[in-house]
Structure formats: C-alpha cells, structure tokens
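**Student:** In the working numbering, the protein residues as written are -14 to 231. All C-beta atoms, glycine included, are put in the ideal place defined by N, C-alpha and C. Bear in mind that the values here come from a model prediction, so they are computed numbers and not experimental data. After the structure tokens below, expect a handful of questions from me.
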C-alpha cells in the first residue's frame, strides 16, 4: 500500500489527552494516516475557562497543519464543544471547514452524525466528567433532539478524571449498573480509554459508541474512504456496516 494514497485524517487533541491518537491508530490500522496537532498548555486556568479558551484558539491550532492536504479533521475534545450547544457547534465547525478547505467536525458532532446514520434517537450516557460537565453534555444531546434515558457517572478512584480511568475501573463500575440491551450506549469524551471495554460489553442489538469511535467513522466517511475495504478494527467495521444498513 502506497502511504501517500491513503486518507489523511487530522485530529486536534488537548495536551494531556493520552487516548485519542492510540485509539484512532487501532481503529484505522494501516489504511489511513493520522496527523495530530494539540491545543496549547494553559497553566492556571480552571476547567471551564480552559475549554472556553480552546474554542477561542482553535482556528489558529488548525493552522498548525499548514498546507498538509488533509481529507478531514476532528476536534477530539467534546467538552469544549458542549459549551456551544449543537447549533453553535455546527456553525462553528462549518466556519472552520470553510477556512481550512476540508471538513472539520467536533467529536460531539461526529457522534451526532453516527447516531443519525444508525437511526437512533435515544441513548444512555456513560460519563467520566465532573457532574456539571456531565449535565452540560446531557443538555447538548437533548438540544439535538435525543432522549437521554440515563446517565452512568464514572470516577477514577475518588476523582472525576477521564485520563485516569482504566478499563478495569470502567468495567467494574458498569457492572453495578444495568445497561440497556438495545438502543445506544455512549461513552462520552475522547480522553477515557474505552476500546477494550467496548469489546467486553458488546451484545447483539446494543449500539456501543465512544467519542473516538464515532469520530473515526465520521472522518473516513467525510474523506470518502470505504470503511469495508480498509484495514480497520472490527468495532469500526461493525459501526460502518450497521450505519450502511440502517
């Protein structure tokens, strides 16, 4: 395979996010190249102020790709875009795409696209965020017309920190909750490792989505790349197959 001929996907990630690049790499395998740029480090800012600043600086951060001929780009930070609401997020990403010359979506908008492609309008939310941010996330989905049937709050020990949630922590906490056997279960946020847990929790009829899985699917779709012929992870292939048949 000529690496110059495969789709080029850009992702923008927070500086401390340990998850997005390795999960995108596992979803895509050798059939796609992933190029990354990161938000700046913002010492001294609280979480909300940091997220607001991410939105302010995002056009310049995307400029960091320079003239790299990307086929699509994902902003792999759902939380900053929850602040905008779905309508504001669509408008913002449309402006970013016009400026960049290729499609740009937030991971939140990519998830909405995946849910729409699957024909799903209800979800159970699995969130590693602080409670206020979890509620902001819930409001985003509800403003988009979805019904949130329930919320499962995930912690890393005694704190809310998606970057520190292990697969074992995630599965142990979910074992104490009853997840629906059908409908969608959404693991929100690009910073929590979910890939291994998705495999453990798969059931016939249950649609499992993570922000990274939905984003990887959207980006290939936006790039016009056929998922079925790429060397992709079974979870991505399964999402593409289900979306195509919905």
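First and last residue of the alpha helix (DSSP H) that includes residue 232?
**Tutor:** The chain is shown only over -14 to 231; residue 232 falls outside these bounds and no answer can be derived.
**Student:** Do residue 112 and residue 89 have their C-beta atoms closer together than 8 Å?
**Tutor:** Contact: no.
**Student:** Nearest CA to the CA of residue 119: which residue from 68, 91, 156 and 167?
**Tutor:** Out of 68, 91, 156 and 167, 68 has the C-alpha closest to the C-alpha of residue 119.
**Student:** Quick one: which unbroken alpha helix (DSSP H) runs of 4-plus residues sit fully inside the region 167 to 215? Chain order, please.
**Tutor:** For the region 167 to 215, whole alpha helix (DSSP H) runs of length 4 or above, ordered along the chain, are 180 to 186 and 196 to 208.
**Student:** If residue 102 and residue 192 are in contact, beta carbons under 8 Å, what's the gap, nearest whole angstrom?
**Tutor:** Not a contact, Cβ separation roughly 11 Å.
**Student:** What distance in whole Å lies between the Cβ atoms of residue 200 and residue 92, which are believed to be in contact at a cut-off of 8 Å?
**Tutor:** Their Cβ separation, rounded to whole angstroms, is 5 Å, which keeps residue 92 and residue 200 in contact under 8 Å.
**Student:** Check for me: the alpha helix (DSSP H) holding residue 230 runs from which residue to which?
**Tutor:** Note, residue 230: alpha helix (DSSP H), 219 to 230.
**Student:** Is residue 26 buried or exposed, if buried means 16 or more other CB atoms sit within 10 Å of its CB?
**Tutor:** Exposed is the call here.
**Student:** Considering Cα atoms alone, identify which of 206, 176, 13 and 108 is closest to residue 155.
**Tutor:** Of 206, 176, 13 and 108, the residue nearest in Cα terms is 176.
**Student:** Relative to the C-alpha of residue 114, which residue among 32, 54 and 76 is closest?
**Tutor:** For the residues 32, 54 and 76, the minimum Cα distance to residue 114 belongs to 32.
**Student:** Compute the distance between the beta-carbons of residue 205 and residue -8, then report whether it is under 8 Å.
**Tutor:** Yes; because the gap between Cβ atoms is below 8 Å, this pair is in contact.
**Student:** When you compare only the Cα positions, how much space is there between residue 126 and residue 74?
**Tutor:** Rounded to the nearest angstrom, the two C-alpha atoms are 12 Å apart.
**Student:** Just mark residue 81 as buried or exposed, buried being the case when its beta carbon has 16 or more other beta carbons within 10 Å.
**Tutor:** It is buried - the Cβ of residue 81 has at least 16 other Cβ atoms within 10 Å.
**Student:** When DSSP labels each residue in this structure, what does residue 99 get in the three-state scheme?
**Tutor:** In the structure shown, residue 99 sits in a helix (DSSP, three-state: H, G or I).
**Student:** Hey, is the region 44 to 52 in contact with the region 15 to 25, meaning 3+ C-beta pairs nearer than 8 Å?
**Tutor:** Enough Cβ pairs lie closer than 8 Å, so yes.
**Student:** Over the uninterrupted alpha helix (DSSP H) stretch that includes residue 75, give me the two end residues.
**Tutor:** That run of the alpha helix (DSSP H) goes 70 to 85.
**Student:** Can you tell me where the beta strand (DSSP E) holding residue 20 begins and where it ends?
**Tutor:** Element bounds for residue 20: 18 to 23.
**Student:** Please identify the residue among 79, 195, 72 and 99 whose C-alpha is closest to the C-alpha of residue 173.
**Tutor:** Checked all of 79, 195, 72 and 99; the closest Cα to residue 173 is 195.
**Student:** Does the separation of the CB atoms of residue 203 and residue 224 fall below 8 Å?
**Tutor:** For residue 203 and residue 224, no; Cβs fall outside 8 Å.
**Student:** Considering only their Cβ atoms, is the gap separating residue 4 from residue 197 smaller than 8 Å?
**Tutor:** Yes, they are a contact pair.
**Student:** Taking the continuous beta strand (DSSP E) assigned at residue 247, which residues delimit it?
**Tutor:** Lying before the first or after the last residue shown, residue 247 is absent from the chain, which here runs from -14 to 231.
**Student:** Kindly identify the DSSP beta-bridge partner or partners of residue 107.
**Tutor:** DSSP output for residue 107 lists 132 as bridge partner(s).
**Student:** Straight-line CA distance for residue 132 to residue 166?
**Tutor:** Spanning the two alpha carbons is a distance of roughly 16 Å.
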